[in-house]
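K.L.:
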Amino acid sequence: MLNKLKLINFKCFKKQDFNFSNLTVFCGANSAGKSTAIQSLLLIKQNENNLKSGLLEFYGELFSFGTIYDVFSHGALDDTIKISVNDDTVELKVTTDNRTHYEARMTPESSQAISSFNNDFVYLSAERHGPRASFDIDRDQSKLNFGIYGEYTLSEYQRYAPQPVFNQAFARIICNDLIGSDEADSKIYTDFAIKVAMGKICPGFDMKVTKTEEIDKVYNTYLPGKSKRPIRPINVGFGISYILPIIVAGLCIKPGGTLIVENPEVHMHPQAQSALAQFLGLLSMHDVQVIVETHSDHIVNGFRIFAKENQVSESHIIINSISEINDERHVEEIKIDQDGNFTNLDVGFFDQLDKDLLRLF
């Protein structure tokens, strides 16, 4: 599991440490640096094979940064960028005055890859695909892959739907109220678990997925209500399409994996946001590390409710609240205790509602 991250001279951070736990949340003002912390992890992950031979590329399937100039901090302390994940460090030594060339090396040199990311790794960006008539089929069956925009969600759904959920303990928690006593020891299948989880967030949810091999496409229709008349995704709304990749990923990822989601709240009603936070919280209790970037107090409050209702330890959830003060980044670490209370507060930490109400009254 990823426990700690240290950035030196990486984009907006001259020097910054971050702690991670089972459920880690990044929040703060726009352009404060939330995405930067996550992007450093993406850079390492998409270069895991390159690092074996001392190479590092800034363009990849998870994120494309540009050049060394684009990632080198404008107020750099020296001529070296360092990204440390747990006990492994990727070091980039800038070798020219115009910061266009660099040498990369990893320490310890015996490391073959960042071990924290060796298992299933799913990253869903804030810019997920909305409703579409169809999606491409992912032909690579060697790994779990939803695409950073969720573009392979239906493809992965279709592949895993008839199989038992890998994380049966998590599936049982999700489907507990729908499992009869005579089914207590039977396996829960992925299609059933996904529909149950989606139904708790979007009541009445039902879906049919069809694969069209002739044109390498897969498409879905929704079956809401008693009539079960198929409805095209474009006529249902954006929220379901944005949340579906998160739910499918959560129920397809194997124990020991990592799920990173940016802005899970996009296009979602507050009640649905709170329910989604419960889903992600429960997933983090079942051997999947969950990392979330959010602007939503409904998501954060949902995590508070999750902590209280499940009596998780104070160390289970870490919130990294990032702000910019006098052109310097400030990170305040906030935890949630077993009563759902914050252990600390930060200036500007989801206090806008209180400020607005004070102006009204």
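Position in the sequence shown (first residue = 1) + 916 = my numbering. Ideal placement from N, C-alpha and C gives every residue a C-beta, glycine not left out.
(1) Are the segment 1120–1139 and the segment 1191–1201 in contact at 8 Å, needing three or more beta carbon pairs?
(2) Span of the beta strand (DSSP E) holding E1244?
(3) May I ask you to report which of helix, strand or coil DSSP gives C943?
(4) Out of curiosity, what's the CA-to-CA distance linking D1004 and H1202?
(5) Along the chain, where does the alpha helix (DSSP H) containing S1071 start, and where does it finish?
(6) Are the beta-carbon atoms belonging to V1204 and P1171 less than 8 Å from one another?
(7) Less than 8 Å between the beta carbons of L993 and K1059, yes or no?
(8) Nearest to L958 by alpha carbon, out of T1023, F988 and L1040?
(9) Would you mind giving the Cβ-Cβ distance between Y1135 and V1152, rounded to the nearest angstrom? I have them listed as a contact below 8 Å.
(10) Using only alpha-carbon positions, find the residue among T983, E964, N925 and S1212 that is nearest to I1235.
(11) Using a Cβ-Cβ cut-off of 6 Å (strictly less than) and excluding sequence neighbours within five positions of L1085, which residues of its own chain qualify?
(12) Let me check one thing: in DSSP terms, what residues is Q932 bridge-paired to?
(13) Using the rule of at least 16 other Cβ atoms within 10 Å of the residue's Cβ for burial, across every protein chain shown, is I1150 buried or exposed?
(14) Looking at the secondary structure, which residues open and close the beta strand (DSSP E) in which Q962 lies?
(15) Can we say the segment 980–987 touches the segment 930–944, given the rule of at least three CB pairs closer than 8 Å?
(16) Report all residues from its chain with a CB closer than 8 Å to the CB of P1146; omit the five preceding and five following residues, and keep chain order.
(17) Suppose you measure from the CA of Q1028 to the CA of E977; what does that come to, to the nearest Å?
(18) If you drop the 5 nearest sequence neighbours on each side, which residues of the same chain put their C-beta closer than 7 Å to that of N1002?
(19) Check this for me: beta carbons of S951 and E1209, under 8 Å apart or not?
(20) Pick out the complete alpha helix (DSSP H) segments inside the segment 1142–1185, 4 residues or longer, and give them in chain order.
(21) For T1023, does the three-state DSSP call read helix, strand or coil?
(22) Alpha carbon to alpha carbon, what distance is there between N1242 and I1104?
(23) Express the C-alpha separation of V1177 and I997 in angstroms, rounding to a whole number.
(24) In terms of residues, what are the limits of the beta strand (DSSP E) holding N1136?
(25) To the nearest angstrom, how far is the alpha carbon of S937 from that of L923?
(26) Bridge partners of E1240, per DSSP?
(27) Which of the three DSSP states, helix, strand or coil, is assigned to I1104?
(28) Quick check: V1206 and L1167, are their CB atoms within less than 8 Å of each other?
P.N.:
Reading off the structure:
(1) no
(2) Position 328 of the sequence shown holds residue 1244. Counting along the chain, the beta strand (DSSP E) containing E1244 begins and ends at E1244 to K1251.
(3) Here residue 943 refers to the residue found at position 27 of the sequence shown. Strand, per DSSP.
(4) As a working note, residue 1004 is residue 88 in the sequence shown. As a working note, residue 1202 is residue 286 in the sequence shown. Distance between the alpha carbons of D1004 and H1202 is about 25 Å.
(5) As a working mapping, residue 1071 is identified with position 155 in the sequence shown. Per DSSP, S1071 belongs to the alpha helix (DSSP H) from T1069 to Y1076.
(6) The residue you call residue 1204 lines up with position 288 of the sequence shown. The residue you call residue 1171 lines up with position 255 of the sequence shown. In contact: V1204 and P1171 (Cβ atoms closer than 8 Å).
(7) Residue mapping note: residue 993 aligns to position 77 of the sequence shown, counting from 1. Residue mapping note: residue 1059 aligns to position 143 of the sequence shown, counting from 1. Cβ distance not < 8 Å, so L993 and K1059 don't count as in contact.
(8) Taking the sequence shown and counting its residues from 1, the one referred to as residue 958 is at position 42. Answer by Cα proximity: L1040.
(9) Counting from 1 along the sequence shown, the entry for residue 1135 is found at position 219. Counting from 1 along the sequence shown, the entry for residue 1152 is found at position 236. Incorrect: roughly 13 Å between the Cβ atoms, too far for contact.
(10) If you number the sequence shown from 1, residue 1235 lands on position 319. Ranking the options by Cα distance to I1235, first place goes to S1212.
(11) What you label residue 1085 is simply residue 169 of the sequence shown in a count that begins at 1. The sequence given here has Ala at residue 1085, not Leu. H1202, listed in sequence order.
(12) Along the sequence shown, read from residue 1 onward, the residue named residue 932 stands at position 16. DSSP output for Q932 lists L923 as bridge partner(s).
(13) Looking up residue 1150 in the sequence shown gives position 234. Exposed is the call here.
(14) For this step, residue 962 is matched to residue 46 along the sequence shown. Not the beta strand (DSSP E): Q962 falls in the alpha helix (DSSP H), residues K950 to Q962.
(15) no
(16) Locating residue 1146 in the sequence shown gives position 230, where the first residue counts as 1. The answer, listed in chain order, is K1124, T1137, Y1138 and L1139.
(17) Taking the sequence shown and counting its residues from 1, one reaches residue 1028 at position 112. Taking the sequence shown and counting its residues from 1, one reaches residue 977 at position 61. With a pLDDT of 49 at Q1028, under the threshold of 50, the modelled position of that residue is not reliable, and no figure is offered here.
(18) Locating residue 1002 in the sequence shown gives position 86, where the first residue counts as 1. Excluding positions up to five away in sequence, the list reads L918, N919, K920 and S1032.
(19) The sequence position of residue 951 within the sequence shown is 35, counting from 1. The sequence position of residue 1209 within the sequence shown is 293, counting from 1. Their beta carbons are under 8 Å apart, which means S951 touches E1209 by this criterion.
(20) 1154–1168
(21) Position 107 of the sequence shown, counted from the first residue, corresponds to residue 1023. In the structure shown, T1023 sits in a strand (DSSP, three-state: E or B).
(22) Numbered from 1 along the sequence shown, position 188 holds the residue referred to as residue 1104. Numbered from 1 along the sequence shown, position 326 holds the residue referred to as residue 1242. Roughly 53 Å between the two C-alpha positions.
(23) Here residue 997 refers to the residue found at position 81 when the sequence shown is read from its first residue. Here residue 1177 refers to the residue found at position 261 when the sequence shown is read from its first residue. Taking the straight line from one Cα to the other gives about 25 Å.
(24) Stepping through the sequence shown from its first residue, residue 1136 is reached at position 220. Here the beta strand (DSSP E) through N1136 covers K1133 to Y1138.
(25) Position 21 of the sequence shown, counting from 1, holds the residue named residue 937. Position 7 of the sequence shown, counting from 1, holds the residue named residue 923. Distance between the alpha carbons of S937 and L923 is about 17 Å.
(26) Numbered from 1 along the sequence shown, position 324 holds the residue referred to as residue 1240. Note: E1240 sits in a beta bridge opposite R1245.
(27) Here residue 1104 is taken as the residue at index 188 of the sequence shown, counted from 1. Coil at I1104, not helix or strand.
(28) Translated into positions along the sequence shown, residue 1206 becomes position 290. Translated into positions along the sequence shown, residue 1167 becomes position 251. No, they are not a contact pair.
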